[in-house]
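Undergrad:
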Amino acid sequence: MANMLTVFASSLLLAIFCIRSSDALDINYYNQSCPNVESLVTVAVKKAIANDGTVPAALLRMHFHDCFIRWEQLIFLFWFDDVKGCDGSVLLNSTQQNSAEKDGPPNISLHAFYVIDRAKTAVESSCPGVVSCADILALAARDAVALSGGPNWKVPVGRKDGRISKASDTIQLPPPTANFSQLRLSFAQRGLSIADLVALSGGHTLGFAHCSSFQNRIHNFNQSADVDPSLSSSFAVGLRKICPAHNKVRSAGAGLDSTATIFDNAYFKLLLQGKSLFSSDQALLTNPRTKQLITQFASSQAKFNAEFVKSMVKMGSLKGGKEVRLDCRSVR
Ligand code: HEM
Ligand SMILES: *[C@@H]1O[C@H](CO)[C@@H](O)[C@H](O)[C@H]1NC(C)=O
Ligand SMILES: *[C@@H]1O[C@H](CO)[C@@H](O)[C@H](O)[C@H]1NC(C)=O
Ligand SMILES: *[C@@H]1O[C@H](CO)[C@@H](O)[C@H](O)[C@H]1NC(C)=O
Ligand SMILES: *[C@@H]1O[C@H](CO)[C@@H](O)[C@H](O)[C@H]1NC(C)=O
Ligand SMILES: *[C@@H]1O[C@H](CO)[C@@H](O)[C@H](O)[C@H]1NC(C)=O
Numbered sequence: 001m002a003n004m005l006t007v008f009a010s011s012l013l014l015a016i017f018c019i020r021s022s023d024a025l026d027i028n029y030y031n032q033s034c035p036n037v038e039s040l041v042t043v044a045v046k047k048a049i050a051n052d053g054t055v056p057a058a059l060l061r062m063h064f065h066d067c068f069i070r071w072e073q074l075i076f077l078f079w080f081d082d083v084k085g086c087d088g089s090v091l092l093n094s095t096q097q098n099s100a101e102k103d104g105p106p107n108i109s110l111h112a113f114y115v116i117d118r119a120k121t122a123v124e125s126s127c128p129g130v131v132s133c134a135d136i137l138a139l140a141a142r143d144a145v146a147l148s149g150g151p152n153w154k155v156p157v158g159r160k161d162g163r164i165s166k167a168s169d170t171i172q173l174p175p176p177t178a179n180f181s182q183l184r185l186s187f188a189q190r191g192l193s194i195a196d197l198v199a200l201s202g203g204h205t206l207g208f209a210h211c212s213s214f215q216n217r218i219h220n221f222n223q224s225a226d227v228d229p230s231l232s233s234s235f236a237v238g239l240r241k242i243c244p245a246h247n248k249v250r251s252a253g254a255g256l257d258s259t260a261t262i263f264d265n266a267y268f269k270l271l272l273q274g275k276s277l278f279s280s281d282q283a284l285l286t287n288p289r290t291k292q293l294i295t296q297f298a299s300s301q302a303k304f305n306a307e308f309v310k311s312m313v314k315m316g317s318l319k320g321g322k323e324v325r326l327d328c329r330s331v332r
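So the sequence shown is residues 1 to 332, counted in UniProt numbering.
#1: Taking buried to mean at least 16 other C-beta atoms within 10 Å of its own C-beta, is Y114 buried or exposed?
#2: Specify, as a first and last residue, the run of the beta strand (DSSP E) that F208 falls within.
#3: What's the gap between the Cα of D161 and the Cα of A225?
#4: Sorry if obvious, but does the Cβ on R61 come closer than 7 Å to a heavy atom of ligand 1?
#5: Say yes only if the C-beta of L110 is nearer than 7 Å to one or more non-hydrogen atoms of ligand 3, and no if none qualify.
#6: Starting from the C-beta of F235, find all residues in its chain whose C-beta is less than 6 Å away, skip the five residues before and the five after it, and write them out in chain order.
#7: Does the contact criterion of 3 or more C-beta pairs under 8 Å hold for the segment 268 to 282 versus the segment 60 to 71?
#8: Could you tell me the distance, in whole angstroms, from the CA atom of S251 to the CA atom of L318?
#9: Mind reading off the beta-carbon distance from V55 to A48? Whole number of angstroms is fine, and I expect it under 8 Å.
#10: Do residue 350 and ligand 1 come close, with the Cβ less than 7 Å from some heavy atom?
#11: For a test of your reading of the model: does the CB of K102 fall under 7 Å from any non-hydrogen atom of ligand 3? Yes or no.
#12: Which class does F319 belong to by DSSP, given the choice of helix, strand or coil?
#13: State the start and end residues of the unbroken alpha helix (DSSP H) segment that holds G238.
#14: Based on Cα-Cα distance, which residue from L137, D327, A260 lies nearest to H204?
#15: Does the beta-carbon of D161, which I'm using as the reference point, lie nearer than 7 Å to any heavy atom of ligand 6?
#16: Please report the straight-line C-alpha distance between V324 and Q223, rounded to a whole angstrom.
#17: Report yes if the C-beta of F278 is less than 7 Å from at least one heavy atom of ligand 1; otherwise report no.
#18: Rounded to the nearest angstrom, how far is the Cβ of S173 from that of T290, given a contact under 8 Å?
#19: Give me every residue whose Cβ sits closer than 6 Å to any heavy atom of ligand 6, in chain order.
#20: So A283 is in the alpha helix (DSSP H); what residue range does that whole segment cover?
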């Protein structure tokens, strides 16, 4: 009897696995149905960057949020279809009945949604109703990295868009105060390893953070220290100038690394010198394996690039919804 059950359970698992792997992402997914999609997205991203240097960081972070906010959960052998992955949900506007991810607390600095809208408009006029918003965002994030001096790679596509976007789900994102075990758990829940955690944290080579995101490290750190002792003291002095204890300038903050518009490995070099912004960055030095990876990436841009690409493809394959939205901001 127990044997029968085991056989039944494993064939069910296998069946679910087969159904799921048959709709795997593929770099040639739009070859016939929308052969120009990549160049249309690239043109839209390039145009936007020419006017606004903050666009690449925004697109990269937007894709990360899209993929991380709803993750796939296996509960009693069933996947709940609407609770997972890169499904364009981060792009949805709030409605009268629903407050969307965009309006959740970690939205601070999410911006440049217009770039996805423009790319989508161009793609829709060339191949209507074919390309998902989630794919456009994944392609745009890749372009953002490549156009900032980072690696270029083929993005597996074929994602579908979801309909659910809830501000309350943004608590699923790891906070900048997270310690190593919290970060490891958050990544593991999405099938991502600690090697992925280090490589993807390298996304912090681009962009900007507001004071509130690293306030915990520079004022009232804990009962014995006002400033996080793991911060370089000269670096901390600079941050405290920009971000005083009762900071009134809401837009104040700092670049995530010293070359915040260039995709390079400076983030890892600075991290080793105590010059990272978030506790979550610093936390990567508290585990021997992740510390070793940081040292490797700090000494080799090529190694970082290669691992970043692998991990982006992995993160990007957390798949989502079931449809192709015509307007990335609304479901009909
Ligand atoms: C490991 C967990 C992570 C945490 C705790 C985290 C946290 C944060 C925080 C707090 C900010 C600043 C928000 C602000 O103050 O405006 C930020 C910015 C950013 N993050 Fe992360 N992040 C994580 C992982 C990632 C990943 C995986 C990527 C992409 C691969 C990424 C890319 C970015 C980028 C590009 C920015 C700058 C955004 C801009 O300038 O518009 N982050 N992150
Ligand atoms: C899709 O297009 C690319 C580039 O044009 C080509 O290299 C590839 O072989 C094509 N794949 C398929 C399955 O048609
Ligand atoms: C972030 O959320 C607030 C409300 O919680 C909203 O006013 C603001 O427009 C949102 N920002 C973006 C970029 O959507
Ligand atoms: C990490 O933070 C969690 C929640 O604050 C805490 O329970 C845990 O003990 C911390 N882990 C370590 C290793 O500090
Ligand atoms: C404050 O943080 C430092 C560095 O993490 C630690 O060594 C010290 O024990 C902490 N003090 C208290 C009172 O928690
Ligand atoms: C979404 O919100 C933006 C900014 O608030 C607005 O300009 C746009 O028209 C909205 N789009 C839809 C489809 O609701």
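Heads up, the beta-carbon is just placed ideally off N, CA and C, and yes, glycines get one too. Quick caveat: nothing in here was measured; it's all calculated off a predicted structure.
TA: Looking at the atomic coordinates:
#1: It counts as exposed.
#2: Run containing F208: 208 to 210, per the beta strand (DSSP E) assignment.
#3: Roughly 47 Å separates the two Cα atoms.
#4: Yes - ligand 1 has a heavy atom lying nearer than 7 Å to the Cβ of R61.
#5: L110 Cβ: within cutoff of ligand 3.
#6: The answer, listed in chain order, is K275.
#7: Short answer: they don't touch.
#8: For the pair S251 and L318, the Cα-to-Cα distance works out to about 33 Å.
#9: Right, their Cβ atoms sit about 5 Å apart.
#10: No information on residue 350 is available, as it lies outside the stretch 1 to 332 that the chain covers here.
#11: In this structure, K102 has its CB closer than 7 Å to one or more heavy atoms of ligand 3.
#12: With the sequence shown as reference, residue 319 is identified as Lys, and Phe is not the correct amino acid for it. When secondary structure is reduced to three states using DSSP, K319 falls in the strand class.
#13: For G238, the uninterrupted alpha helix (DSSP H) segment begins and ends at 233 to 242.
#14: Minimum Cα distance to H204 is reached at A260.
#15: No, Cβ of D161 sits at least 7 Å from all heavy atoms of ligand 6.
#16: Computed Cα separation, rounded: 52 Å.
#17: Indeed, a heavy atom of ligand 1 lies less than 7 Å from the Cβ.
#18: The residue you asked about is not Ser; residue 173 is Leu in the sequence shown. L173 to T290, Cβ: 19 Å. No contact.
#19: After applying the 6 Å Cβ criterion, the set is N93, D327, R329, S330.
#20: In the DSSP annotation of this structure, A283 is not part of any alpha helix (DSSP H), being labelled neither H nor E.
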